[in-house]
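Have a look at the structure below, then the notes.
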Amino acid sequence: MNFIVGAFKPPCNVMITFVDGATRKQVPLKKENGQTVMVPLFQSQENIVGKVCIEPFQGKKLEHNGVKIELLGQIEMYFDRGNFYDFTSLVRELEVPGDIYERKSYPFEFSTVEMPFESYTGVNVRLRYVLKVTIGRSYVGNMVEHQDFMVIYPSFFYYSSNLLCYGSATILQLHQSTTALRGEPSFPCWFELPILVTFTAFHVRVKCDVDSFD
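In this note's numbering, the protein residues as written are 401 to 614.
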């Protein structure tokens with residue numbers, strides 16, 4: 401029985417990292433299990449560059465039929481959960497069939513990737529981008545590892561000390577500082593302006609502090 405159970409245990413760890421992962425902006429993403437994780441944020445036409453590390457457990461040999469990484473843009477309808485429509489699909493072959501005895505790293509790059517839609521999670525539909533590593537195996541199921549990331553459409557992405565816009569549930573916060581405006585009343589005020597952009601509702605929140613009447 402232990403032999404049977406052991407045959408289905410993964411023989412290695414698989415890690416997907418980005419070359420600029422330490423400096424790239426991270427945003428929260430809620431997973432299907434309810435857990436929230438931080439994932440990197442990209443814009444369309446950016447290069448997706450990183451490496452895949454495969455580390456067999458001590459004393460184990462990983463026999464495989466090849467290793468590949470895919471960049472996928474997917475749409476999933478919640479009434480058809482588990483079935484994805486791929487609108488973007490790019491593949492890089494990392495390793496030919498063979499054996500892995502020790503930790504190995506495989507660099508990858510997807511250059512100027514066309515990612516035409518923003519990441520989005522709604523009530524009935526989810527649009528996501530993911531890196532998918534597949535290790536082909538003969539007698540047991542393939543090993544698959546995923547790494548999500550989020551995409552912002554360039555026209556609507558700004559990030560500075562005064563303006564922030566990210567994610568599918570996008571909030572723009574604009575702080576209007578400070579000088580007295582001629583002919584305007586002397587009180588702080590907040591404006592919320594709903595704006596419909598394609599399929600996502602944005603809200604602009606503006607705070608105006610006006611010092612005095614003239």
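Glycine included, every Cβ here is placed at the ideal spot set by N, Cα and C.
Among the options, which has the Cα closest to the Cα of residue i?
{"i": "tyrosine 520", "options": "Ile454, Leu429, Thr512 and Pro507", "result": "Leu429"}
{"i": "glutamine 458", "options": "Val427, Arg503, Met543 and Gly482", "result": "Arg503"}
{"i": "threonine 488", "options": "Lys532, Asn524 and Pro411", "result": "Lys532"}
{"i": "leucine 441", "options": "Met515, Arg537 and Tyr478", "result": "Met515"}
{"i": "leucine 494", "options": "His464, Tyr478, Lys425 and Val525", "result": "His464"}
{"i": "glycine 421", "options": "Tyr553, Lys431, Met438 and Glu545", "result": "Met438"}
{"i": "lysine 461", "options": "Phe510, Glu432, Lys409 and Glu476", "result": "Lys409"}
{"i": "isoleucine 552", "options": "Pro411, Ser444, Arg424 and Gly434", "result": "Ser444"}
{"i": "serine 538", "options": "Thr436, Val513, Pro497 and Asn524", "result": "Pro497"}
{"i": "valine 523", "options": "Arg481, Gln547, Lys425 and His546", "result": "Arg481"}
{"i": "tyrosine 485", "options": "Tyr506, Leu527, Glu455 and His546", "result": "Leu527"}
{"i": "glutamate 518", "options": "Ile475, Gly466 and Thr436", "result": "Ile475"}
{"i": "glutamate 432", "options": "Tyr501, Val544, Tyr478 and Met550", "result": "Tyr478"}
{"i": "arginine 424", "options": "Val414, Gln435 and Glu446", "result": "Glu446"}
{"i": "valine 419", "options": "Phe549, Val525 and Pro507", "result": "Pro507"}
{"i": "methionine 543", "options": "Val513, Thr512 and Glu455", "result": "Glu455"}
{"i": "valine 525", "options": "Gln435, Thr417, Asn483 and Gly536", "result": "Asn483"}
{"i": "threonine 512", "options": "Thr534, Glu545, Asp499 and Ile448", "result": "Ile448"}
{"i": "glycine 536", "options": "Gln426, Met550, Gly434 and Asp499", "result": "Asp499"}
Does the beta-carbon of residue i have 16 or more other beta-carbons within 10 angstroms, so that it is buried, or is it exposed?
{"i": "glycine 450", "result": "buried"}
{"i": "valine 452", "result": "buried"}
{"i": "glycine 406", "result": "Low confidence applies here, because glycine 406 scores a pLDDT of 49, under 50, leaving its location unreliable; read the following figure in that light. Flag for glycine 406 reads exposed."}
{"i": "tyrosine 529", "result": "buried"}
{"i": "glutamate 509", "result": "exposed"}
{"i": "glutamine 667", "result": "With the chain covering only 401 through 614, there is no way to say anything about residue 667."}
{"i": "valine 467", "result": "buried"}
{"i": "threonine 436", "result": "exposed"}
So for residue i, helix, strand or coil by DSSP?
{"i": "phenylalanine 457", "result": "coil"}
{"i": "lysine 425", "result": "coil"}
{"i": "asparagine 524", "result": "coil"}
{"i": "tyrosine 529", "result": "strand"}
{"i": "lysine 431", "result": "coil"}
{"i": "asparagine 542", "result": "coil"}
{"i": "valine 419", "result": "coil"}
At the 9 Å Cβ level, is residue i part of the contact set with chain B, yes or no?
{"i": "aspartate 486", "result": "The chain labelled as chain B is not found in the depicted structure, where only one protein chain is given."}
ask   = With a cut-off of 8 Å, do at least 3 Cβ pairs link the segment 469-476 to the segment 490-508?
value = Touching, yes, given that three or more Cβ pairs across the two stretches are closer than 8 Å.
ask   = Whole beta strand (DSSP E) runs in the segment 433-519 with 3 or more residues, listed along the chain?
value = As far as the segment 433-519 is concerned, its whole beta strand (DSSP E) runs of at least 3 residues are 436-443, 448-456, 462-464, 467-477, 484-495, 498-500 and 504-510.
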